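Q: This is the structure, below, for whatever I ask next.
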Amino acid sequence: MTTNEASPDTETDAGATEEYAPEHSPRLAWAKLAPDVYKAMVRLDTAAQRGLDPKLCELVRIRASQLNHCAFCLDMHTKDALAAGESVERIVQLSAWDESRHFYTEKELAAIELTDAVTVLTDGFVPDDVYARAARHFEEAELAQLIASITVINAWNRFGVTCRLVPGHYTPGQYK
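Whatever position you read off the sequence shown (first residue = 1), add 1 for the working numbering.
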């Protein structure tokens, strides 16, 4: 068994075996049932990433997936971020980024804050100050790509959560 595979049980220090909860089954294999939509999403995702730093893209994807509770995407993008050279510490702190600002650059913070605002539209809009901060750190074309990337991961999250895609089996770069 490799470290990325789920274990049905594990031995504790005392020698007793602990059993993990069973793995759930996906509700629907949407990508196989709607292959044209899946292929269009892949093309859209590829286009949205153009010109953006790969590590920044993964931070944005992880953050949106945390907010949307998409375990499948968290598994995938955490592994991809590590493979791209991102640190475990920065990935772990991302869930509390506002209290851990010193782990990120001002540009990354602007992207993370924009991700939060676009992902959780509870006020019905992206606040002007959040958008202005992002606009100060990204050229217009790069900002457009960032907004596209945030939008695309939110769409992927909705497929993942709705279809209950199963985390734990992804290997970095598997879908590239």
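All residues carry an ideal CB built from backbone N, CA and C; glycine is no exception. The structure displayed is predicted, hence computed values, not measured ones.
CA-CA distance, V121 and S96?
A: The residue you call residue 121 lines up with position 120 of the sequence shown. The residue you call residue 96 lines up with position 95 of the sequence shown. Those two C-alpha atoms are separated by around 14 Å.
Q: Rounding to the nearest angstrom, what Cα-Cα distance links V104 and R64 in this structure?
A: Within the sequence shown, the letter at position 103 stands for residue 104. Within the sequence shown, the letter at position 63 stands for residue 64. Inspection of the sequence shows that residue 104 is occupied by Phe rather than by Val. Distance between the alpha carbons of F104 and R64: 14 Å.
Q: Can you give me the start and stop residues for the beta strand (DSSP E) that E107 sits inside?
A: The residue you call residue 107 lines up with position 106 of the sequence shown. E107 -> not in any beta strand (DSSP E); alpha helix (DSSP H) instead, spanning 107-120.
Q: Are the beta-carbon atoms of C74 and W157 separated by less than 8 Å?
A: The residue labelled residue 74 in the question sits at position 73 within the sequence shown. The residue labelled residue 157 in the question sits at position 156 within the sequence shown. In terms of Cβ geometry, C74 and W157 form a close pair [threshold 8 Å].
Q: Identify which residue in L34, H25, E19, A149 has its Cα closest to the Cα of G169.
A: For this step, residue 169 is matched to residue 168 along the sequence shown. If we check each option's Cα against that of G169, H25 comes out closest.
Q: By the DSSP assignment, the alpha helix (DSSP H) with T163 in it spans what residues?
A: For the purposes of this step, residue 163 is identified with residue 162 of the sequence shown, where counting begins at 1. Counted as a single uninterrupted DSSP element, the alpha helix (DSSP H) harbouring T163 occupies residues 141-163.
Q: I need the straight-line Cα distance from V162 to E107, nearest angstrom please.
A: The residue labelled residue 162 in the question sits at position 161 within the sequence shown. The residue labelled residue 107 in the question sits at position 106 within the sequence shown. Rounded to the nearest whole angstrom, the C-alpha separation of V162 and E107 is 31 Å.
Q: Can you tell me the Cα-Cα spacing of H78 and K40, whole angstroms?
A: Looking up residue 78 in the sequence shown gives position 77. Looking up residue 40 in the sequence shown gives position 39. If I take the Cα positions, the gap works out to 19 Å.
Q: Apart from the five residues on each side of it in sequence, which residues of its chain come closer than 8 Å, Cβ to Cβ, to G52?
A: For the purposes of this step, residue 52 is taken as residue 51 along the sequence shown, with counting starting at 1. These residues qualify, in order along the chain: A142, E143, Q146.
Q: Alpha carbon to alpha carbon, how far is F160 from C71? Give it in angstroms, no decimals.
A: Reading the sequence shown from its first residue, position 70 is the one you call residue 71. Reading the sequence shown from its first residue, position 159 is the one you call residue 160. C71 and F160: Cα-Cα distance of roughly 9 Å.
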